[in-house]
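First to last, the protein sequences are chains W and X.
Just so you know, we're using numbering that gives the first Met the number 0 here: the first sequence kicks off at 0 and counts up by one.
Just so you know, we're using numbering that gives the first Met the number 0 here: the second sequence kicks off at 0 and counts up by one.
Number of protein chains: 2
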Amino acid sequence: MQPERALPDKEKQFSEWYSEILERAELVDIRYNVKGFVVYRPNLMRIINLIRNELESSLISRGHQQVMFPIVIPMSYLRKEQEHVTGFEAEVFKIRAEEGEEELALRPTSETAMYPMYALWVHSYRDLPLKLFQTGTVYRKETRATKPLIRGREFFWIEAHDAFENKEQALTQVIEDIEITKEALRKFGLAFIVVEREEWDKFPGAEKTFAFDCLMPDGKVLQIATTHYLGTKFSKPFEVIYLDRAGEKKNVHQTCFGPGISRMAAAVISIHGDEFGLVLPFDVAPIQVVIVPIPKEGKEKEVIAKAKEVEERLEKIHIRTLVDASDERPGAKFYKYELIGTPMRIEIGEREVSERKLTFFRRDIRKRWEVEECELEVEVLKHKEDILKNLTNRSNEKLKNAIVRINTKEELKESNNKIILMNFCGNQQCAERIKYDTKGYEVRGSRIDKPEDVWGPCAWCGSEAKKVVIAARAY
Amino acid sequence: MQPERALPDKEKQFSEWYSEILERAELVDIRYNVKGFVVYRPNLMRIINLIRNELESSLISRGHQQVMFPIVIPMSYLRKEQEHVTGFEAEVFKIRAEEGEEELALRPTSETAMYPMYALWVHSYRDLPLKLFQTGTVYRKETRATKPLIRGREFFWIEAHDAFENKEQALTQVIEDIEITKEALRKFGLAFIVVEREEWDKFPGAEKTFAFDCLMPDGKVLQIATTHYLGTKFSKPFEVIYLDRAGEKKNVHQTCFGPGISRMAAAVISIHGDEFGLVLPFDVAPIQVVIVPIPKEGKEKEVIAKAKEVEERLEKIHIRTLVDASDERPGAKFYKYELIGTPMRIEIGEREVSERKLTFFRRDIRKRWEVEECELEVEVLKHKEDILKNLTNRSNEKLKNAIVRINTKEELKESNNKIILMNFCGNQQCAERIKYDTKGYEVRGSRIDKPEDVWGPCAWCGSEAKKVVIAARAY
């Protein structure tokens with residue numbers, strides 16, 4: 000990696016910026032030659048693993064257990080719930096295990112793989128709640144244009160599938176899923192809106208669907224997690240039945256939750272990045288502090304020794320630290336760690352050693368400053384917090400500024416790249432008309448994180464409004 | 000889980016024992032209804048993750064980086080190396096992305112997915128060595144009888160793929176791979192033999208293949224890891240070329256290494272388990288110490304408080320500890336944690352509290368004893384070591400006793416359930432004859448961990464022996 004020109008302007012040319020950063024920061028290689036499939040490179044995998052660990056630990060700490068189900072689903076399983084198969088059949092990859100045998104689908108999502116087994120595992124209320132998750136890849140024969148990590152035919156996620164005695168418990172789980180997602184996104188410094196999707200836009204087979212949307216730099220929103228209340232829509236065809244406390248047979252109430260790891264990585268990359276590369280908050284930074292020794296002839300030993308000493312002190316307070324003592328020139332190192340988004344850099348040269356000082360650099364604001372060596376730990380921990388606060392504020396600010404209230408069809412048509420808040424009649428035809436006439440604005444649903452009261456008629460058709468919804472262009 | 004009858008005798012009825020333990024310890028569910036695909040349950044996943052973490056950290060600490068390649072491989076990639084495709088084509092699952100498009104294989108192993116990309120990433124000697132690994136599932140349309148974790152159509156492993164400037168460096172990597180495997184197996188308390196496979200038994204496309212075999216309770220061996228020197232056999236067709244220090248174009252020398260996570264789990268389960276369930280050494284035990292409070296009416300509070308105190312002390316020394324304060328009876332808890340192999344149990348009742356003592360139980364030897372409360376940490380750490388030593392000794396002893404030297408055809412034919420050490424002529428026909436006439440004895444190759452000099456003619460055909468080999472029945 001050698002110093003090169005800056006990246007394109009992210010706000011004006013998001014697509015170009017995104018392709019370039021994926022390539023130059025060595026995150027993704029798109030040259031695999033199969034539509035919709037890309038290679039995840041080490042710099043991306045380290046971020047992916049941090050996101051994954053955060054979500055997995057959060058699920059486990061709330062009583063979920065990990066499982067691994069087969070990647071293939073018999074087509075007869077997939078077809079058991081009518082809305083579900085209608086939603087997915089067109090886009091599943093099919094394989095045949097043996098001539099004459101049933102066709103198998105490469106899992107597009109795992110409800111129909113898992114629930115036949117739930118029927119075998121659940122007998123009584125004592126087996127409930129059953130809270131399981133798996134981490135892995137799923138497959139959908141996406142026909143639209145693909146974009147690495149954002150829309151592809153293979154993506155990496157977690158899916159949690161839970162079963163309960165009743166609706167109330169299941170809805171409490173939905174709230175927990177929302178809390179898990181919020182906690183993670185806060186650690187990643189990402190602004191978000193949480194909506195309940197409209198009736199026709201729910202997950203195929205769900206009673207209720209809730210989704211997290213993030214705002215991407217081009218004004219489109221990206222759905223990065225969903226959680227669904229499935230009611231008994233799957234537990235009936237799959238016969239997931241338990242004996243309740245009164246000895247009566249009942250269908251379990253189910254939920255499923257899918258935080259998208261690839262998409263969260265895409266959001267972190269896109270929302271925080273700038274023309275110098277990635278910008279990462281500590282919690283998703285594989286290296287949190289890089290130490291660059293700047294040796295002067297004859298003083299190499301002292302400089303390296305000091306760098307190692309600083310590294311040891313930071314490791315003691317659990318900061319992921321790297322001393323880059325390679326032969327590259329300091330400038331090339333600065334460039335490289337800025338490109339991969341390392342949040343803080345410490346430069347140590349002869350002067351720093353003799354004056355017992357350290358030169359700090361913060362990636363998010365690209366500022367350099369000096370502190371007394373004895374302040375090391377305090378300084379790093381202070382800026383760790385401050386970096387997250389800064390990224391969060393920036394991202395919240397952008398989201399806030401992007402949301403506009405509109406009252407008429409004309410305003411909606413002119414709302415280029417904005418997220419719309421509008422009164423809505425609730426009719427699917429109206430939503431379809433909006434999408435068609437505005438070249439892509441989709442009714443995303445009503446915010447549950449900031450509910451609003453209707454203040455007028457449907458902004459599109461003028462009939463009585465039933466709710467206030469978010470409309471936006473979306474990935 | 001309620002106390003039930005003991006499991007079948009592992010040595011006499013291994014198959015029955017294995018099926019029952021997988022079911023009763025809730026490790027695997029075989030009722031998924033697709034041949035060769037099973038469900039990994041939480042008690043197994045926790046073990047799988049410990050094995051996985053051990054191997055991944057070991058690879059990373061030796062300079063490997065993690066990647067994730069697509070699960071599909073274009074058939075034209077798979078066909079680029081002739082021996083490789085001949086070895087795998089019959090058993091790949093094929094899917095078609097679109098009508099008219101090229102067929103895709105579900106990866107049976109990832110050489111042909113990864114090396115086209117290596118050709119794009121490697122330009123100069125400065126890009127070498129390239130050491131990458133991925134963790135995931137692979138797919139082979141196994142036609143023989145399947146056995147969960149041992150032989151299936153989907154299995155979970157790590158594959159590391161490395162590229163070097165020359166043969167010497169590549170062979171040094173092979174030694175490192177062997178070291179990584181040895182280190183892991185030592186932590187898991189497993190005895191093993193390391194062999195170099197015969198010419199006709201190498202990995203399809205390899206110059207040299209080295210394999211780790213473990214001895215299963217029924218006398219068959221199980222291959223749990225292989226590492227291969229590929230030479231330039233893939234770098235030629237895939238054109239993985241670098242400019243050397245003299246400016247000359249050269250093909251890289253490659254290695255690939257595949258420790259099987261599912262199979263290591265199968266070995267841990269089978270080799271250490273007994274008629275009461277799993278027996279785990281600390282390093283693969285999800286819970287290392289379970290504390291069972293035995294409350295007496297009126298004294299519940301003191302007993303629970305003491306249990307919590309012991310838990311805190313153990314967590315401080317990084318022992319994975321669980322207090323099971325559930326409503327089940329102590330006997331049911333003892334049964335349950337013995338079944339899932341928890342290495343140590345601490346019982347705390349009223350007497351223990353008042354006498355400041357703790358009652359310990361060790362799973363591997365099933366012995367109970369008492370110690371002073373103040374000895375807690377020392378006692379746990381001492382027995383942690385001792386349990387590993389005991390399991391290792393047991394397993395080494397069994398392996399040692401299973402190996403017999405033979406000198407004649409008759410001896411070989413009568414060597415039921417033994418691992419054979421014999422002089423061998425080196426001819427494939429002779430090996431095939433042995434397999435056929437002995438109902439399954441396979442020449443596994445020559446031990447590299449304990450090389451032996453030829454001491455006589457080929458035990459089977461009587462002609463001049465070229466080497467001493469191991470022959471065994473194998474999974």
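Ideal placement from N, C-alpha and C gives every residue a C-beta, glycine not left out.
Predicted, not measured: the structure shown is a model, and the values here were computed from it.
Does residue i come out as helix, strand or coil in the three-state DSSP assignment?
i: P258(X); result: strand
i: A470(X); result: strand
i: L475(X); result: Nothing about residue 475(X) can be reported from this structure: the residues present for chain X run from 0 to 474 only.
i: M0(W); result: For M0(W), the pLDDT reaches just 45, beneath the cut-off of 50, and the residue's location in the model is therefore unreliable, although a value from the coordinates is still provided. Looking at M0(W) - three-state DSSP - the assignment turns out to be coil, as it is neither helix nor strand.
i: N32(W); result: coil
i: I419(X); result: strand
i: Q81(W); result: helix
i: S18(X); result: helix
i: D436(W); result: helix
i: A112(X); result: helix
i: G444(W); result: strand
i: P73(X); result: strand
i: R40(X); result: coil
In whole angstroms, what separates the C-alpha of residue i from that of residue j?
i: Q253(X); j: D323(W); result: 28 Å
i: E410(W); j: K397(W); result: 20 Å
i: K356(X); j: V302(X); result: 12 Å
i: K388(W); j: V309(X); result: 39 Å
i: K381(W); j: E374(W); result: 10 Å
i: T134(X); j: S57(X); result: 13 Å
i: I419(W); j: D200(W); result: 18 Å
i: S18(X); j: S394(X); result: 21 Å
i: F209(W); j: K465(W); result: 18 Å
i: G276(W); j: E100(W); result: 50 Å
i: L127(X); j: K232(X); result: 18 Å
i: E153(X); j: G257(X); result: 15 Å
i: M74(X); j: Q81(X); result: 12 Å
i: E182(X); j: E378(W); result: 40 Å
i: A159(W); j: I177(W); result: 12 Å
So which residues on chain X does residue i lean against when the C-beta distance must stay under 7 Å?
i: T136(W); result: I70
i: L103(W); result: V33
i: A24(W); result: Per Cβ cutoff of 7 Å: no residues; A24(W) is ~14 Å from chain X at best.
i: F36(W); result: P69, V71
Taking residue i as the query, report the chain W residues whose CB atoms sit under 7 Å from its CB, ordered along the chain.
i: I339(X); result: Under the 7 Å cutoff, chain W gives no residues; its nearest Cβ is about 13 Å from I339(X).
i: N32(X); result: P73
i: M215(X); result: What M215(X) touches in chain W: nothing, since even the nearest Cβ is about 23 Å away.
i: Y39(X); result: V66, M67
i: E153(X); result: P69, I70
i: D126(X); result: Within 7 Å Cβ-Cβ: nothing; D126(X) doesn't reach chain W, min ~12 Å.
Go through its chain and collect everything with a Cβ distance to residue i's Cβ below 6 Å, but skip five positions before and after it.
i: R45(W); result: P285
i: G202(X); result: In the sequence as presented, Gly is not what sits at residue 202(X); that position holds Phe. Within the same chain, F202(X) has close Cβ partners T208, H227.
i: G35(X); result: E141, T145, G151, R152
In chain order, what residues of the same chain have a beta carbon less than 8 Å from the beta carbon of residue i, not counting five sequence neighbours either side?
i: V352(X); result: K298, E301, V302, K305
Can you pull the chain W neighbours of residue i, defined as C-beta to C-beta under 9 Å?
i: K397(X); result: Chain W residues near K397(X): none, gap ~30 Å exceeds 9 Å.
Mind pulling the chain X residues with CB within less than 9 Å of residue i?
i: I50(W); result: Those within 9 Å of I50(W) in chain X number zero; the least Cβ separation is about 13 Å.
i: F92(W); result: V71, I94, R95, A96, L103
i: M44(W); result: Q64, Q65, V66, M67, Q133
i: L58(W); result: Result: empty, since nearest Cβ-Cβ is about 12 Å, beyond 9 Å.
i: K140(W); result: A96, E97
Could you name the residues of chain X that residue i contacts, counting a contact when the two beta carbons are closer than 8 Å?
i: L313(W); result: Result: empty, since nearest Cβ-Cβ is about 19 Å, beyond 8 Å.
Tell me which residues share the same chain as residue i and place their Cβ nearer than 7 Å to its Cβ, disregarding the 5 neighbours each side in the sequence.
i: E371(X); result: R355, K356
i: F191(W); result: L184, F211, D212, C213
i: G348(X); result: I293, K295, V302
i: W454(X); result: N422
Taking Cβ-Cβ distances shorter than 8 Å, what residues in chain W pair up with residue i?
i: L119(X); result: D28, R30
i: M116(X); result: D28, R30, Y31, V38
- [ ] Return the chain-ordered ranges of every beta strand (DSSP E) run that is complete within the stretch 257-326 of chain W and spans a minimum of 3 residues.
- [x] 288-293, 320-322
- [ ] Output the residue ranges of the alpha helix (DSSP H) runs that lie fully inside the stretch 133-198 of chain W and measure 4 residues or longer, sorted by chain position.
- [x] Whole alpha helix (DSSP H) segments, 4+ residues: 166-186.
Open item on the list: My parser needs the beta strand (DSSP E) runs of 3 or more residues fully inside the stretch 224-258 of chain X; what are they?
Closed with: 240-242, 248-250, 252-258
- [ ] Please go through the stretch 376-424 of chain W and give each complete beta strand (DSSP E) segment of 3 or more residues, from N-terminal end onward.
- [x] 402-404, 418-423
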